[in-house]
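A short worksheet on the structure shown next.
Right, here's the structure in full:
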């Protein structure tokens, strides 16, 4: 089992916990008896969630407001967790966002911020807390990727590349850690009905995505934590999304890329 038993001074630290999949994963972990450390930029939402979790499950729920794109803010997060004397035995790297549109027309700073959030923060936080997990002989890391990890995506070029990094990074760590008592799982959801869609700039255009591909944050979170607990390498919620991921891997790029270019919601 990848999830260690809950303990008074240990927590599952969840980034991007203020809404969507992150908030739901925090709820699932708390329901299993784990204290949680909630990380996101929006402190007011984190405090609301912490109060809800503490009341519903009688577990510790700590709040750490942090902009993970900022290296100094990440250092402050690490210091605050240490000051609170918390052992991070489960790390859920969930923070992330997407841009949408032709890369040549997108904002450079926004693209760089995406890489810092979706890639750099995952590496930085794993590097910070993984060694202690290995030393204890227990722990788990859940890195949130996407079905976008399985193929390039015109009009979401940087996002798909960032998720491909997360998947590759996680696969390698999963292998390195065999026999250590610590495992690393990638979560690769398809479209999920959360605030992420609007934040990516797709908005109403996302309605063109077939309904059978969509999942709820609750279902994705449950599948993710179950997969982490079972030590799975990759979790892809929903049979249609598993088929989509497979096709993304085996389809010739000469066929796949023109198709993805044509059907991307931003082209509607």
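Residue numbers (the working numbering): 2 to 269. Don't be surprised by glycine CBs; every beta carbon is placed ideally from N, CA and C.
Go to residue i, then tell me how far its beta strand (DSSP E) extends in each direction, as first and last residue.
i, result
"residue 41", "36–41"
"residue 15", "11–16"
"residue 245", "Looking at the DSSP string, residue 245 is not in any beta strand (DSSP E); the run it does join, the alpha helix (DSSP H), is 240–251."
Using the beta-carbon count (16 or more within 10 Å), is residue i buried or exposed?
i, result
"residue 106", "exposed"
"residue 186", "buried"
"residue 84", "exposed"
"residue 82", "buried"
"residue 104", "exposed"
"residue 5", "buried"
"residue 251", "exposed"
"residue 139", "buried"
"residue 108", "exposed"
"residue 230", "buried"
"residue 23", "buried"
"residue 132", "exposed"
"residue 190", "buried"
"residue 21", "buried"
"residue 128", "exposed"
Check the DSSP bridge columns for residue i and list the partner residues they point to.
i, result
"residue 65", "40"
"residue 258", "Bridge partners of residue 258: none, in fact."
"residue 216", "193"
"residue 235", "187"
Excluding the 5 residues flanking residue i on each side, which residues of the same chain have their C-beta closer than 8 Å to its C-beta?
i, result
"residue 122", "16, 69, 70, 75, 94 and 96"
"residue 86", "10"
"residue 256", "none"
Quick one: residues in its chain with C-beta nearer than 6 Å to the C-beta of residue i, no 5 flanking neighbours on either side, listed in chain order?
i, result
"residue 64", "39, 47, 48 and 51"
"residue 13", "30, 35, 37 and 91"
"residue 7", "34 and 35"
"residue 114", "70"
"residue 245", "148"
"residue 228", "186 and 236"
"residue 221", "22, 190, 193 and 238"
For residue i, I'd like the list of residues in its chain whose CB is within less than 7 Å of its CB, leaving aside the five on either flank, ordered along the chain.
i, result
"residue 72", "none"
"residue 43", "19"
"residue 297", "Here the chain comprises residues numbered 2 to 269, so residue 297 is not present and cannot be evaluated."
"residue 223", "29"
Locate the alpha helix (DSSP H) running through residue i, then write down its first and last residues.
i, result
"residue 23", "21–32"
Establish whether the CB of residue i and some CB of chain B are separated by less than 8 Å.
i, result
"residue 64", "Here there is only one protein chain, and chain B is not present."
Fill in: Whole beta strand (DSSP E) elements within the segment 74–148, 3-residue minimum
88–94 and 140–145
Practice item. List in chain order: all unbroken alpha helix (DSSP H) runs of 4+ residues lying wholly within the segment 155–194. Key: 158–177
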